[in-house]
Ligand SMILES: Cc1cc2nc3c(=O)[nH]c(=O)nc-3n(C[C@H](O)[C@H](O)[C@H](O)COP(=O)(O)OP(=O)(O)OC[C@H]3O[C@@H](n4cnc5c(N)ncnc54)[C@H](O)[C@@H]3O)c2cc1C
Ligand code: FES
């Protein structure tokens, strides 16, 4: 049985897809899903479950799928993961569930992500997540930010009966899922659908509300919110710190992706928030954000798009699938190449100068440390997109007296996810620094549990 | 959706609006700004808060580009799609004896609450209002109750003295030694030259910067400005900065990077 090869997901042809923003991976048919689920050998101690940050009961949902009990299969996932259609698409499965799959030792692991996506999409189509509005217990709770952490927190608390309101700074909900991750990887209808599910549950949404500015944490308490969850993410772009970073034509990935995703600009079409992009584009960084920026640039018509990354291939933190897709789409990887200066002419970017690196001993991250070689190259470019990480936004910290943070801006929490302010909890990227959707979602859900306990004790 | 409760045309290019926005009005202070999105697919436009009363926030805008033109087409009783704030840091009202406020065109709007705050703390205030012609001199009457000395300059001499704001500022700084601070708000080129003049006379100066912004919450980095050689995000660290430290040339070039696209937008509206 182990010999059966993996069932590959159908994909849009790489030459066609670089001209559109439609999803690259097309998903399984029911037949394909069954065929793939059949490969699971149903281990006694399933390692995949332990490797999942939210412990989705993986063998169980696959068994139900094979028994044609698709509704039950969906509910099995949904108990632990309220965003299966999203996580099936964007989780780094190779370092989580699929990385732990026993089959992976001798052959290829079960395509757990693709199966989660299949069951999630089935449930979405059938509206299975819509379980009606639980009765309100009249206790008001506020959630700051509508990314995966805030959404998961709100859903869990609403199901426990709380009167939950999400406050979002932007004009649209979903956090990075809306403004960061592009449609070709995560169609925006899926995110909107998840938000609608929460609305149906009775979660209230307030947009254009910057907590710390429009309303402070103190004012939320004055308005009778009994507990607050902060899921404000890590939205502040990190600087490269090289000369020339403020030249025209130098973008942070956030600006670039926000213009395209949230503000809907495409170079070929008319947009009120346009994006200016030339033919030769350098993208600095090796994570998901860098891959998204590079592949978006290609779709906007850039001729040569290359990644500049100071480590080697093994060091690339992006999902494996995205690296493959980027390569298929003709993105050039210039590895062990570290940008040291951005050069302009009349204040417009023209070139990037890089130092070539070699690999040394492993560093604290366990990856081999890149070392300078003293050899340099200069590349001609029209734009450069910096995607080397994000830090938590300082607005809440700067406007909330007594909210303790790490030197890099992360909110400090105790083992119950409570911050230095009683009744205020936090989770997701704002606590961990830029991480993953599944970790943020898990943190939001766990915090709901701690908030429930806190509120119950408080009510007594 | 946010209701336009009042609209007044100040001149052919500039309107005043009152918008009902309790979440913005609650904590708004002089120096803060808002981001407005006129309709569903609209651009996010930053506008400095010109005043507030109760749940109402006052904005004054010049119909320069596509989106401000579109806003100008809205009437009393209509709605705008999004209205978020107060954003940025409130203006730092310093301990000064005599402050000269210099405003160019619509810069008169953001300057008003700041200069008023100075007057209220007992600082002597002098105002220079500059504009292309007499129609571009706005809000003079609102300044009058707390500001005795108002000097007006117009490019064509249709009101006040003919010339630039710096022509009026120079003799003032030379003559009146009690002046210890200047605030300049207006076109970048104006702020640049006012800053040079203030520096020459060894006066401190605050300016209000208006780079291109998208989110206005510190997320995109498009609004970055160089202050004293370091990079700051105008939307969260500003928009007010000490003029002496600002790299005005960089700001001007960054503002111009999207000029041709803006023109394209504008032409579509006219069609
Ligand atoms: C381009 C890109 C690609 C990515 N790809 C992947 C991937 O493939 N797989 C993966 O697992 N992860 C990926 N990530 C990371 C993942 O998206 C994040 O880890 C996750 O979204 C964090 O969730 P969050 O809820 O903590 O924060 P966010 O998603 O950042 O949401 C925070 C929300 O809070 C709002 N907010 C901030 N401050 C305030 C305030 N003061 N008041 C009100 N609202 C506020 C923000 O506007 C935002 O909407 C990617 C990230 C990016 C940027
Ligand atoms: S406007 Fe986006 S960071 Fe300031």
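Protein chains in written order, with this note's numbering: chain B, 147 to 606; chain R, 573 to 843.
Idealized CB from N, CA, C, for every residue including glycine.
- Contact annotation: residue 381 of chain B and residue 539 of chain B have beta-carbon atoms nearer than 8 Å.
- Counting along the chain, residue 469 of chain B sits inside the alpha helix (DSSP H) bounded by residues 466–474.
- Within chain R, not a single residue places a beta-carbon under 9 Å from that of residue 321 of chain B; the smallest gap is close to 10 Å.
- Looking at the DSSP output, residue 619 of chain R shares a beta bridge with R:606.
- Close to residue 794 of chain R, with beta-carbon spacing below 7 Å, are these residues of chain B in chain order: 401.
- For residue 696 of chain R, the beta-bridge partners assigned by DSSP are R:670.
- In the three-state scheme derived from DSSP, where H, G and I count as helix and E and B as strand, residue 563 of chain B is classed as coil.
- The alpha carbon of residue 244 of chain B has as its nearest neighbour, out of B:192, B:376, B:292 and B:440, the alpha carbon of B:192.
- Taking the beta carbon of residue 808 of chain R as reference, the chain B residues within 7 Å of it are 540 and 541, listed in sequence order.
- Per DSSP, the continuous alpha helix (DSSP H) segment holding residue 233 of chain B begins and ends at 230–236.
- If you compare the alpha carbons of R:678, R:701, R:732 and R:776 with that of residue 750 of chain R, the shortest gap goes to R:776.
- Only residues of its own chain outside the window of five on either side were considered, and among them 150 and 256 have a CB closer than 6 Å to the CB of residue 185 of chain B, listed in chain order.
- Looking at the DSSP output, residue 309 of chain B sits in a beta bridge with B:286.
- In this structure, the CA atom of residue 629 of chain R is about 39 Å from the CA atom of residue 387 of chain B.
- Taking C-alpha positions only, residue 292 of chain B is separated from residue 650 of chain R by approximately 28 Å.
- Residue 424 of chain B is outside the set of residues whose beta carbon lies under 8 Å from a beta carbon in chain R.
- When distances are taken from the beta-carbon of residue 318 of chain B to the heavy atoms of ligand 2, even the shortest one reaches 7 Å or more.
- When 9 Å is used as the limit between beta carbons, residue 655 of chain R is near these residues of chain B: 354, in chain order.
- Here residue 753 of chain R is near residue 668 of chain R, since their CB atoms are less than 8 Å apart.
- For residue 597 of chain B, the CB contacts under 6 Å within the same chain, skipping 5 residues up- and downstream, are 373 and 571 in chain order.
- When the alpha-carbon of residue 716 of chain R is set against those of R:684, R:789 and R:648, the nearest one is in R:684.
- By the criterion of a C-beta distance shorter than 6 Å, residue 466 of chain B is surrounded in its chain by 240, once the five residues flanking it on both sides are discounted.
- Taken through DSSP and simplified to helix, strand or coil, residue 628 of chain R comes out as strand.
- Listed in chain order, the positions of the segment 657–677 of chain R with a beta carbon within less than 8 Å of a beta carbon of chain B are 657, 658 and 659.
- At a cut-off of 8 Å between beta-carbon atoms, residue 366 of chain B makes no contact with chain R.
- Between residue 423 of chain B and residue 488 of chain B, the gap from beta carbon to beta carbon reaches 8 Å or more.
- Per the C-alpha coordinates, the member of R:761, R:639 and R:687 positioned closest to residue 695 of chain R is R:687.
- Comparing alpha carbon positions, the residue from B:577, B:333, B:474 and B:397 closest to residue 233 of chain B is B:333.
- Ligand 2 has no heavy atom closer than 7 Å to the beta-carbon of residue 657 of chain R.
- When rounded, the separation of the alpha-carbon atoms in residue 660 of chain R and residue 812 of chain R is 9 Å.
- Interface with chain B (8 Å Cβ-Cβ cutoff): residue 742 of chain R is excluded.
- In the structure shown, the three-state DSSP call for residue 410 of chain B is coil.
- Approximately 7 Å separates the beta-carbon atoms of residue 516 of chain B and residue 484 of chain B; this is inside 8 Å, confirming the contact.
- By a beta-carbon distance limit of 8 Å, residue 312 of chain B contacts residue 296 of chain B. Their separation comes to about 6 Å.
- In this structure, DSSP gives residue 434 of chain B a helical state, which the three-state scheme calls helix.
- The closest CA to that of residue 682 of chain R, considering only R:710, R:704, R:693 and R:692, is found on R:710.
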